[in-house]
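One structure is given here, and the rest of the page talks about it.
Residue numbers (my numbering): 15 to 81.
Printed below as a string of structure tokens:
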């Protein structure tokens with residue numbers, strides 16, 4: 015039986031993602047591999063506080079913070 019690879023997720027603590035769906039959390043886990051902590055934090059803020067979708071939050075984070 016093969017072991018699953020450990021999650022690479024240095025940017026997304028569970029305490030910050032309260033209120034997001036499981037799918038959004040999973041997408042953020044994968045997304046955090048290619049983007050900065052500031053980018054991920056901005057996306058989490060936009061999704062939780064402003065109620066925007068993942069795609070819209072990503073576009074806003076790119077515009078305000080960058081990659």
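Note that the Cβ used here is the ideal one computed from N, Cα and C, for glycine as well.
Backbone secondary structure at residue i - three-state DSSP
i	result
residue 42	helix
residue 72	helix
residue 28	coil
residue 48	coil
Residue interval of the alpha helix (DSSP H) (run including residue i)
i	result
residue 53	51–63
Of the residues the options, the one placed nearest residue i, counting alpha carbons only
i	options	result
residue 67	28, 48, 79, 42	42
residue 81	27, 64, 62, 56	56
residue 61	30, 71, 40	71
residue 63	32, 28, 27, 26	32
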